[in-house]
C-alpha cells in the first residue's frame with residue numbers, strides 16, 4: 004500500500020529546475036532512501052512535502068490527503084514530521100520542554116487554549132516525553148537547556164521531539180551528519196527499532212553505511228529528477244547510478 | 009490535579025500578595041506609602057504583567073499597547089457617565105472592548121513578525137491617538153479629555169435609586185468609595201489576581217507554546233502548531249490587561265485623555281518590562297514600581313531643592329552643578345530614567361531580576377548549579 008504518492012512535481016528557481024517532474028511512490032511502513040549528489044534537489048523535495056515551498060506543478064498525496072498548498076502545521080498534524088538538516092530545536096528551553104511541546108501538539112492539535120491547566124501535572128504527556136528522552140539517551144540531561152547540547156545530542160533531541168508526535172511519515176534529512184561513528188551506529192539502531200513497521204520513513208543521506216543499513220528501497224536523484232529506483236543491491240549495481248552519483252567509482 | 013500551582017509558585021503568590029497588601033507600611037520609609045502613588049504602582053504593575061505575557065513569552069515587541077490603555081480608560085469613563093459610578097461594569101466593559109480591539113489589531117499586525125510587527129503596532133497606536141484628537145472628538149472630547157459632569161445620565165444608578173449629593177459623585181465598588189486607601193486596596197486585589205492569572209498562564213501548556221514561539225517559531229510550525237493563533241491569543245490577553253489598567257486609571261481618577269495613548273506611554277511599558285526582567289514573573293511589577301517611583305521623586309525636584317541639597321558647595325561650582333543636574337529633574341526626569349536604563353542594560357541586560365539573582369548568588373556563595381536551577385524555576 005502506498006503511503007506517499009508524488010507525481011509530476013516541478014519547481015524552478017529562476018532558470019534552475021530544482022525539481023523536474025519527480026514521480027515517487029513510498030510504500031507504507033518501509034524505509035525509503037533518497038540519495039544523490041549535492042544540488043540534486045533532495046532537500047527541495049522534502050521542502051515541498053512539508054509545505055516549506057509550494058511546487059509549481061504536481062501532486063503530493065499522503066494517506067489520501069493532498070499536501071500541496073496546506074500550511075506546514077496542517078501537514079504536520081496529518082502525520083508528516085520532519086527532522087531538519089541543521090537541528091531545529093527550542094534552544095532556550097529545557098530538553099524536557101523541547102519534547103513536551105510536540106507531545107502536547109500531538110495531544111491537543113494545532114491550537115488549544117489551555118491556559119488554566121498545569122503543564123507539569125499532565126502525567127500522560129510527561130510519560131511520552133520521558134520515554135522519548137530515554138530512547139535517545141538524554142533523559143538524565145532533561146533539565147539542561149537545549150542550546151548547551153553538543154551537535155550530535157541536538158540531532159538526537161530533535162529526533163526525540165519528532166518521535167513524540169507519533170508520526171506516520173518521518174522525513175529525515177541527513178540524520179547522522181556530523182555524528183561520530185558510534186553515535187551514527189546508535190542512531191541507526193534507534194531508527195531501525197522505532198515505529199515497528201508502522202512508521203514510514205524517508206531518509207536523505209550521504210553516508211552509504213547508513214543508507215545500506217536502513218533502506219529497503221532507494222531512489223537516486225540527479226538534476227532534479229529521479230534517475231533510478233530499486234532495492235539496495237540493484238542500485239549498487241546500476242551503471243547509471245555509478246556514473247551520475249559516484250563518477251564511476253565503485254561502492 | 010491539573011488545577012493546582014506548584015509549591016514554589018504558591019509561596020511566590022503568597023509572598024507577593026502579602027507584600028502588595030502591606031505596601032502602605034513597607035513603602036512608608038521611602039516616602040511612597042500614600043494611596044495615590046501606591047495605586048499607580050498597582051495599575052502600571054498590571055499593565056506591565058500583561059505586556060510581559062506578550063513580549064516576555066512570545067517575544068513579540070508591541071510598541072502600541074498604550075492604545076489599549078486609552079481604550080480602557082475611555083470605556084470606563086463612558087460607563088461612569090452612562091451607566092453607573094460602580095466600578096464593576098466599567099472594569100468588565102473596558103476589558104471586553106479592549107479584547108475586541110486587540111483581536112482586530114493583533115490579527116492584522118501578527119501577519120508580520122520582528123521589527124515589522126513593532127512598527128505596525130506603533131502605527132495603529134498613533135492612529136488611535138490622532139483619531140482621539142480629531143474625528144472621534146464626540147467620543148473622546150478631544151484635547152479637553154473626557155470628564156464626568158453632574159448631569160450625566162447614569163441610567164443604572166437612577167434605576168436603582170442611588171442618591172446623588174451635591175457635585176459629581178465619586179466612583180465606588182458597591183458603595184465603597186474608590187478614594188484613598190479603599191481605592192488602593194481595590195487596585196491591590198486586582199494586581200494580585202492579575203499576577204495569579206499570569207502565573208497560571210506561564211505554567212500552562214499554552215504558556216509553554218508561547219515560550220516556544222519566542223524560541224523557534226519555525227520549529228513550532230513544523231511541530232504542527234498554528235503559531236499565529238497562539239501569538240494572537242497572547243496579544244488579546246495582554247490587551248485585556250492593558251484595558252484593565254486603563255479602566256483602573258479611570259476608576260482612581262475619572263477622566264480620560266488621549267495623551268494616555270501617546271507613543272511614549274507605549275515605550276514606558278516596554279522599559280518597565282525590560283528594567284524588571286523580560287519573561288520573569290515578578291520583574292515587570294518591580295520595573296513598573298521602580299519607574300513610577302523615580303518619576304514621582306525626580307519630577308518633583310526643582311532647582312531650588314537642588315540649591316538646598318548642594319548648598320555646601322562654593323558658589324562658583326554650585327551654579328554649574330545645579331544647572332546641569334536641573335536638566336535631569338522636574339520635567340526632564342525622563343533624562344534620569346534614560347541614564348539609569350542605559351546603565352542597567354549595559355551592566356545587567358537581564359534586568360533587575362537578573363541583578364537580584366546574581367547578587368543573591370554572590371552573597372550566599374552557593375554553587376552556581378543549584379542557583380541557576382532555582383532561577384530557571386522562577387522564570
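Chains as they are written, first to last, in the working numbering: chain A, 4 to 254; chain B, 9 to 387. Heads up, the beta-carbon is just placed ideally off N, CA and C, and yes, glycines get one too.
Partner residues in the beta bridge of residue 176 (chain A), as assigned by DSSP, are A:207. If you check the CB distance, residue 48 (chain A) and residue 37 (chain A) come in under 8 angstroms.
Here residue 154 (chain A) is exposed: its Cβ has fewer than 16 other Cβ atoms, across all protein chains shown, within 10 Å. In this structure, the beta-carbon distance from residue 55 (chain A) to residue 74 (chain A) does not fall below 8 angstroms.
In the structure shown, the three-state DSSP call for residue 220 (chain A) is strand. The criterion of a C-beta distance shorter than 8 angstroms is satisfied by residue 170 (chain A) and residue 84 (chain A). Annotation for residue 362 (chain B): 285, 356 place their beta carbon closer than 7 angstroms to its own, counting only its chain and skipping 5 residues before and after. Within the stretch 93–169 of chain B, complete alpha helix (DSSP H) segments of at least 4 residues are found at 95–117, 122–141, 145–148, 163–167, given in chain order. DSSP lists A:174 as the bridge partner or partners of residue 85 (chain A). Beta-bridge partners assigned by DSSP to residue 232 (chain A): A:222. Annotation: the continuous beta strand (DSSP E) that includes residue 38 (chain A) extends over 34–38. Residue 198 (chain B) is a Cβ neighbour of residue 54 (chain B), given a cutoff of 8 angstroms. Within chain A, no C-beta atom comes nearer than 9 angstroms to that of residue 292 (chain B); the closest sits roughly 18 angstroms away. When DSSP reads this structure, residue 25 (chain A) sits in a beta bridge with A:12. A straight line joining the alpha-carbon of residue 167 (chain B) with that of residue 291 (chain B) spans about 44 angstroms.
Near chain B, meaning a CB-to-CB distance below 9 angstroms, the residues of the stretch 139–164 of chain A are 146, 148, 149, 161, 164. Contact note: residue 216 (chain B) reaches chain A through 96, 100, 103, 104, 107, 122, using a C-beta cutoff of 9 angstroms and chain order. Under the DSSP assignment, residue 244 (chain B) falls in the alpha helix (DSSP H) whose first and last residues are 235–260. Runs of beta strand (DSSP E) with 3 or more residues, each lying fully within the stretch 59–84 of chain A, are found at 60–65, listed in chain order. For residue 66 (chain B), no chain A residue has a C-beta closer than 7 angstroms to its own C-beta; the minimum C-beta separation is roughly 13 angstroms. Put simply, the CB of residue 230 (chain B) is near chain A, with a gap under 8 angstroms to one of its CB atoms. Beta-carbon to beta-carbon, residue 149 (chain A) and residue 162 (chain A) are separated by about 13 angstroms, too far to satisfy the 8 angstroms threshold. According to DSSP, residue pairing for residue 30 (chain A) in a beta bridge involves A:5. Taking the Cα of residue 278 (chain B) as reference, the smallest distance to any Cα among B:219, B:346, B:319, B:336 is reached at B:346.
Counted as a single uninterrupted DSSP element, the alpha helix (DSSP H) harbouring residue 109 (chain A) occupies residues 98–111.
Along the stretch 77–92 of chain A, the positions whose C-beta sits under 7 angstroms from a C-beta of chain B are 79, 80, 85, 91, 92, read in chain order. Pairing residue 58 (chain B) with residue 245 (chain B), the inter-Cα distance amounts to about 7 angstroms.
Neighbours of residue 117 (chain A) in chain B, taken as residues at a C-beta separation under 8 angstroms, are given in chain order as 212, 213, 214. Secondary structure note for residue 341 (chain B): its alpha helix (DSSP H) is the uninterrupted segment 341–355. When Cβ pairs closer than 8 angstroms are counted between the two stretches, the stretch 300–317 of chain B is seen not to touch the stretch 175–187 of chain B, the count staying below three. Here DSSP, grouped into helix, strand and coil, assigns residue 127 (chain A) to helix.
Counting along the chain, the unbroken alpha helix (DSSP H) around residue 205 (chain B) starts and ends at 189–211. Residue 87 (chain A) and residue 93 (chain B) have their C-alpha atoms spaced approximately 59 angstroms apart. With respect to the 8 angstroms criterion, residue 193 (chain B) and residue 218 (chain B) are not classified as neighbours on the basis of their beta carbons. Nearest CB-CB separation between residue 206 (chain B) and chain A: not below the 8 angstroms threshold.
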